[in-house]
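A quick write-up on the structure given underneath.
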Amino acid sequence: MSHEIDTRLAAQGISLPTPASPAANYVAFVIEGGLLTISGQLPMEGGAIAVKGRLGAGVALEDGQRAARLCAINILAQAQAALGDLGRIRRCVRLGGFVASTPDFTDQHKVINGASDLIAGILGDVGKHARAAVGVASLPLDAAVEVEALFAIG
Amino acid sequence: MSHEIDTRLAAQGISLPTPASPAANYVAFVIEGGLLTISGQLPMEGGAIAVKGRLGAGVALEDGQRAARLCAINILAQAQAALGDLGRIRRCVRLGGFVASTPDFTDQHKVINGASDLIAGILGDVGKHARAAVGVASLPLDAAVEVEALFAIG
Amino acid sequence: MSHEIDTRLAAQGISLPTPASPAANYVAFVIEGGLLTISGQLPMEGGAIAVKGRLGAGVALEDGQRAARLCAINILAQAQAALGDLGRIRRCVRLGGFVASTPDFTDQHKVINGASDLIAGILGDVGKHARAAVGVASLPLDAAVEVEALFAIG
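Protein chains in written order, with my numbering: chain A, 200 to 353; chain B, 200 to 353; chain C, 200 to 353.
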């Protein structure tokens with residue numbers, strides 16, 4: 200399994216970044232009772248927010264999808280740091296997707312597909328998850344998208 | 200138990216619809232570790248969003264409550280598809296309720312009562328759940344309400 | 200452990216309030232499968248919302264942080280009512296933080312630190328949690344902040 204995951208990451212040209220560790224009273228992930236809970240991840244790339252602003256106000260759908268994909272890559276990077284081996288993931292249970300949106304932007308589901316496609320593309324069937332996708336007023340550091348995750352682990 | 204649930208559904212004139220299956224890399228529900236996680240449901244009725252727009256901008260409180268009730272009916276339809284028998288539900292643990300809102304609309308709790316009342320009305324005491332109710336900028340397909348759910352199952 | 204928690208509460212001058220019980224078809228908390236899920240708490244103090252309005256429109260960062268801290272105190276009050284003894288908490292798994300925000304307010308993480316700092320300050324290492332922090336259009340009763348929580352219990 201783990202080898203397959205590495206192969207898919209390589210096929211998509213993805214090398215998982217060193218994940219950000221919050222310098223605060225919260226943490227990037229918690230393992231408890233067979234569940235791995237990962238804090239909301241922003242579209243960080245090379246240490247900076249790669250996609251800023253709101254959908255419907257200057258951020259195009261494709262940019263939003265790229266932001267969601269980056270959030271998902273950061274989720275996998277946190278999972279790798281938490282578990283040592285992504286092959287320990289038994290199932291991606293849920294993604295919570297938040298899209299910074301104007302009131303008239305109503306394609307949040309298409310934006311969050313950028314995260315869903317990445318997770319399922321890398322993890323295969325165990326990557327098929329339940330999710331919520333909603334449009335929010337704004338996000339930390341002016342990020343266009345934030346995605347949190349829950350995994351069942353073996 | 201299951202018979203009681205059927206009786207309550209009939210008494211409210213509800214026949215559970217065939218639930219929507221996402222044609223994407225996510226799924227409508229995940230069963231894992233004794234928990235049933237259901238993706239955010241929209242107020243679909245007869246294959247279309249029944250209540251569109253925002254609370255505070257043309258959508259009345261009663262319409263919002265009806266939207267939340269429809270989301271809850273779709274949650275039960277997904278649970279029925281997942282479990283075969285709603286009697287397998289041991290507890291509705293949590294509802295996450297998102298209400299498309301203008302900044303000055305502050306009755307999200309009353310809107311989401313439309314979902315809470317339906318779930319507790321049909322499931323009885325096992326339907327009494329924890330929840331969050333918040334006002335968001337906008338929702339997929341211009342839905343007025345989205346509700347996700349977590350159930351403990353036997 | 201419990202004695203330590205009491206000492207830390209006293210050191211911060213906090214006496215946990217009698218928590219609000221919703222008069223509705225939902226409940227303030229659910230215990231199921233070793234998990235305690237707590238409904239979204241508002242910044243209630245003395246029976247009223249202490250901090251109203253939106254960040255970016257009249258509510259200063261410090262007021263938002265105070266609101267988040269109050270939400271966290273109410274979370275602990277609910278946990279105390281649920282468990283009898285906060286020493287039964289094995290881990291704070293997740294906080295979900297919602298900040299009523301204008302589109303140009305992007306410091307939701309700093310606001311929710313008010314809740315994270317309180318939980319970790321009182322519970323110690325078991326209080327270090329995963330979290331999501333997002334900016335929403337508006338919240339019930341015009342509250343500036345809402346925070347929900349998930350705990351693993353022993």
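Glycine included, C-beta positions come from ideal geometry on N, C-alpha and C.
Treat the numbers as computed from the prediction; the structure is a model and nothing was measured.
- Your pair isoleucine 311/C and arginine 330/C checks out as a contact, with CB atoms roughly 7 angstroms apart and the cut at 8 angstroms.
- Contact annotation: the region 205–219 of chain C does not touch the region 264–284 of chain B, with fewer than three C-beta pairs closer than 8 angstroms.
- Short of 6 angstroms from the beta carbon of valine 258/A, and not among the five residues preceding or following it, lie these beta carbons of its own chain, in chain order: Gly252 and Ala343.
- Of all residues in the region 225–240 of chain A, the ones placed with a Cβ closer than 8 angstroms to any Cβ belonging to chain C are Tyr225, Val226, Ala227, Phe228, Val229, Glu231, Gly232, Leu234, Thr236, Ile237, Ser238 and Gly239, in chain order.
- Less than 8 angstroms divides the Cβ of lysine 327/C from the Cβ of asparagine 224/A.
- Taking 8 angstroms as the CB threshold, aspartate 316/C lines the interface with chain A.
- Only residues of its own chain outside the window of five on either side were considered, and among them Val325, Ala351, Ile352 and Gly353 have a CB closer than 7 angstroms to the CB of arginine 289/A, listed in chain order.
- Burial check for glutamine 211/B: the Cβ neighbour count within 10 Å stays below 16, so the residue is exposed.
- DSSP links histidine 328/B through a beta bridge to Tyr225/C.
- Taking the CA atoms as reference points, methionine 243/C sits about 15 angstroms from valine 298/C.
- Remark: C-beta atoms of aspartate 303/B and serine 337/C approach each other more closely than 8 angstroms.
- In the three-state reduction of the DSSP assignment, glutamine 240/B falls in the strand class.
- The beta carbon of arginine 265/B sits closer than 7 angstroms to the beta carbons of Val250 and Gly313 from its chain, once the five residues preceding and following it are set aside; these are given in chain order.
- Burial state of histidine 308/C is buried, judged by a 10 Å Cβ sphere holding 16 or more other Cβ atoms.
- Taking CB atoms only, valine 310/B has no neighbour in chain A less than 8 angstroms away.
- At least 8 angstroms separates the CB of glycine 323/C from every CB of chain B.
- Of all residues in the region 240–260 of chain A, only Arg253 and Ala256 come within less than 8 angstroms of chain C when Cβ atoms are compared, listed by chain position.
- When the Cα atoms are used, valine 226/A and glycine 320/B turn out to be separated by approximately 39 angstroms.
- Neighbours of alanine 332/A in chain B, taken as residues at a C-beta separation under 7 angstroms, are given in chain order as Gly239 and Pro339.
- For arginine 293/A, the closest Cβ of chain B is nearer than 8 angstroms.
- For the 8 angstroms CB-CB criterion, glycine 296/B and serine 201/B do not form a contact.
- Neighbours of serine 300/B in chain C, taken as residues at a C-beta separation under 7 angstroms, are given in chain order as Ala336 and Ser337.
- Within its own chain, the residues whose Cβ lies closer than 6 angstroms to the Cβ of alanine 332/C, once the five positions on either side in sequence are excluded, are Gly296, Gln307, His308 and Ile311, listed in chain order.
- Non-local beta-carbon contacts of glutamine 277/A in its own chain, meaning distances under 6 angstroms to residues more than five positions away in sequence, involve Pro218, Ala227, Phe228 and Ile237 in chain order.
- Secondary structure remark: continuous beta strand (DSSP E) runs of at least 3 residues inside the region 294–345 of chain B, in chain order: 329–335.
- Under the three-state reduction of DSSP output, isoleucine 272/B falls in the helix class.
- When DSSP states are grouped into helix, strand and coil, leucine 260/C belongs to the helix group.
- Membership of arginine 287/B in any alpha helix (DSSP H) is not indicated, and neither H nor E is assigned to it by DSSP.
- Contacts between alanine 223/B and chain A, judged by CB atoms closer than 7 angstroms, involve Asn312 and Ser315 in chain order.
- With respect to chain C, the C-beta atom of aspartate 303/B has a partner C-beta closer than 8 angstroms.
- For alanine 219/B, no alpha helix (DSSP H) run applies, since DSSP gives it neither H nor E.
- Under the Cβ distance rule, alanine 343/B does not count among the residues neighbouring chain C, no pair being separated by less than 8 angstroms.
- For phenylalanine 297/B, the neighbours in chain A by C-beta distance under 7 angstroms run, in chain order, Val333.
- For the region 202–216 of chain C, the set of positions with a beta-carbon nearer than 8 angstroms to some beta-carbon of chain B is empty.
- Burial state of glutamate 345/B is buried, judged by a 10 Å Cβ sphere holding 16 or more other Cβ atoms.
- Closer than 8 angstroms to the CB of alanine 329/A there is at least one CB belonging to chain B.
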